[in-house]
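Some notes on the structure that comes next.
See below:
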């Protein structure tokens, strides 16, 4: 027995002979980048051969649920709900409340007022989350009936779709970490600036007198993550969008004067003038009866004293 135990001990000792502790693993921390993080190397197509803010004059609003026979509104009512393309990543305008899981914001409330006018019920609505780059396509392919998504009126877009009257005005500015050397658009030379693909923000960056590296992502929260991780030096968008990002990170600040202005409109499919007039009728009502002001105070009060609702410009 003693001989057997000795043999086992020798075997165990032999197995461990000549071995050493494994070398410690070394790995470089990987810094994640946003989905579809790409450089935009050319300005988006632009056109200035129209007055993008002019729209059709509204008629009298029909009673909810009693839309004119054969109209685009009657077809929507027959479907039992209005499908509206909105954002779910822009705090204050269109975002998903983590406490309730519901989409909320200024744009969402405008969309619900349209549903109220159609059905008498603001909940007869299907809110479809679309990215900025998907807004035009979703209208053209009839995936949605309308777009209410911080959607700026431009002549280039007007070639493919129609617009309502302007329901909100914003200005494009710059968002940076506190302590950044970037204090105005003149300091953006050689810097990496984040925008969302499909938004109008990129065009003005290419028109600056300094050369800027423009980085495109899918959503504004992707820009926020990129700025926090140091993948970009600044974000440039409408002040309303930037203030929503700043509210999510108090270490950020807006700097510089306005780079340009934006006019938010409801996007409507081409060749549906009755629907354009109807939406304009809804916007006219909420301007006059105080609903616009109430929505502003509730959703955008953090931006400061309420501005007056934009005055519409009608073609006939």
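Residue numbers (mature numbering (1 follows the signal peptide of the UniProt record, and there is no 0)): -20 to -1, 1 to 296.
Glycine included, C-beta positions come from ideal geometry on N, C-alpha and C.
| Item | Value |
| --- | --- |
| Can you give, in chain order, each stretch of the beta strand (DSSP E) that sits fully within the region 81 to 130 and has at least 3 residues? | 105 to 109 |
| Are the C-beta atoms of residue 28 and some chain D residue less than 8 Å apart? | The structure shown has no chain D; it contains just one protein chain. |
| Going by DSSP in three states, residue 182 sits in which element: helix, strand or coil? | helix |
| I need the boundaries of the alpha helix (DSSP H) containing residue 56, first residue and last residue. | 52 to 59 |
| What residue from 282, 215, 242, 267 has the CA that sits closest to residue 33's CA? | 242 |
| Counting C-beta neighbours from all protein chains within 10 Å, is the total for residue 216 16 or more, i.e. buried, or is it exposed? | buried |
| Counting only the same chain and skipping the five closest in sequence on each side, list residues whose C-beta sits under 6 Å from that of residue 96. | 102 |
| Would you please state the rounded distance, in angstroms, between the beta carbons of residue 35 and residue 292? I believe it to be under 8 Å. | 7 Å |
| Could you check if residue 203 is buried or exposed, using at least 16 other CB atoms within 10 Å of its CB as the buried criterion? | buried |
| Would you mind working out which of 171, 261, 282, 256 sits nearest residue 222, comparing C-alpha positions? | 282 |
| Where residue 140 and residue 159 are concerned, what is the direct C-alpha to C-alpha distance, given to the nearest angstrom? | 43 Å |
| Tell me the rounded alpha-carbon separation between residue 200 and residue 252. | 31 Å |
| Beta-carbon within less than 8 Å of residue 28's beta-carbon, same chain only, minus the 5 sequence neighbours each way: which residues are those? | 135 |
| Taking the C-alpha atoms as reference points, what is the distance between residue 238 and residue 105? | 35 Å |
| Going by DSSP, name the residue or residues bridged to residue 70. | 74 |
| Among the residues of its own chain, which have a CB less than 7 Å from the CB of residue 138, if the five just before and after it don't count? | 30, 32 |
| Is residue 226 buried or exposed, if buried means 16 or more other CB atoms sit within 10 Å of its CB? | buried |
| Quick check on this structure: which residue in 274, 271, 240 has the alpha carbon closest to the alpha carbon of residue 149? | 240 |
| Distance, Cα to Cα, residue 5 vs residue 231? | Caution applies to residue 5, whose pLDDT of 49 falls short of 50 and renders its modelled position unreliable; the value that the coordinates give is listed next. Going from the Cα of residue 5 to the Cα of residue 231 covers about 35 Å. |
| Which residues does DSSP list as the beta-bridge partners of residue 18? | 196 |
| For residue 220, collect the residues of the same chain with a Cβ closer than 6 Å to its Cβ; drop the 5 residues on either side in sequence, then sort them by chain order. | 150 |
| Identify the continuous alpha helix (DSSP H) that holds residue 191 and give its terminal residues. | Note, residue 191: premise wrong, no alpha helix (DSSP H); not H, not E. |
| Taking 8 Å as the cut-off, does the region 61 to 69 touch the region 115 to 135 (at least 3 CB pairs, one atom from each stretch)? | yes |
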